[in-house]
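>
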Amino acid sequence: MTPYDLIDEAVIDAPAAAVWDALITEFRGAKQWWVPHNTFATVSGSPDAVGGEVAVTVHTKGVDNGGLKLRFTARTTAVQPGRRLDIAYVDGVFRGPSTFTLEPLADGRTRLAMHFTARPHGWLKLLSKVADLGAEHSRGTLAAFASLNRHLAGVAA
């Protein structure tokens, strides 16, 4: 199966430094804005350092609501602090690369994008033949970015 090639982006009403800190904090397991769809836990190292690994769980019906749990491990492959985080899914139901980019805008806001080019692996490869996983991924990512925007507005208030 060919990899997904999805780019989901949103403008966040906060400076890039705040968005970066929130992204890395979430990947360390904060559960502040990507829930109920995804949770993260550090496996080794730090998500903002090359070689750091994070366990990702996608909760298809939300945390603690049953449903399928999609689990995979992301390893950081490159970092430009405050600007770009490259990861590779190395174990679990997705394999391949993804990139988060942060673009500071002239008005103090930040364009946050996730370029997801991974492919389903194992049993998820079979499910991908009957379910539109790409649409579900984009829906969950955009909901998380909207939640991040609300979270950072609350932090700044």
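Quick note, the sequence shown lines up with residues 1 to 157 if you use the UniProt record's numbering. Quick reminder that beta carbons are idealized off the backbone N, C-alpha and C, glycines included.
1) Less than 7 angstroms between the C-beta atoms of A78 and D86, yes or no?
2) Going by DSSP, name the residue or residues bridged to L102.
3) Please report the distance separating the alpha-carbon of A30 from that of F40.
4) What do you get for V93, buried or exposed, if any count of 16 or more other CB atoms within 10 angstroms of its CB means buried?
5) In the DSSP assignment, what are the bridge partners of Y4?
6) Figure out for me which residue from T141, D48, E9, H37 has the closest Cα to the Cα of H59.
7) Can you name, in chain order, every residue of its own chain whose Cβ lies under 7 angstroms from the Cβ of F116, other than the five neighbours on each side?
8) Buried or exposed for G52, going by 16 or more other Cβ atoms inside 10 Å?
9) DSSP three-state label for T60, please.
10) Starting from L68, follow the alpha helix (DSSP H) in both directions and report where the run begins and ends.
11) Using the three-state DSSP reduction, which class does R95 fall into: helix, strand or coil?
12) Residue range of the alpha helix (DSSP H) that A118 falls in?
13) Given this structure, state the Cα-to-Cα distance separating T73 from Y89, to the nearest angstrom.
14) Mind checking L133: buried by the 16 CB within 10 Å criterion, or exposed?
15) Please state the DSSP three-state secondary structure of V35.
So, from the data block:
1) Going by C-beta atoms, A78 is nearer than 7 angstroms to D86.
2) L102 pairs with L112.
3) For A30 and F40, the gap between their C-alpha atoms comes out near 8 angstroms.
4) The residue is buried, with at least 16 neighbouring Cβ atoms inside 10 Å.
5) DSSP output for Y4 lists no bridge partner at all.
6) H59 has its Cα closest to that of H37, out of T141, D48, E9, H37.
7) Cβ neighbours of F116 beyond the five flanking positions: Y4, L6, S98, H137.
8) Label assigned to G52: buried.
9) In the structure shown, T60 sits in coil (DSSP, three-state: anything other than H, G, I, E or B).
10) Run containing L68: none; DSSP gives neither H nor E here.
11) In the three-state DSSP reduction, R95 falls in the strand class (E or B).
12) Secondary structure note for A118: it is in no alpha helix (DSSP H), with a DSSP letter that is neither H nor E.
13) Note on geometry: alpha-carbon atoms of T73 and Y89 lie some 6 angstroms from one another.
14) Residue environment: L133 is assigned as buried (16 or more neighbouring CB atoms within 10 Å of its CB, all protein chains considered).
15) V35 falls in the coil class under three-state DSSP.
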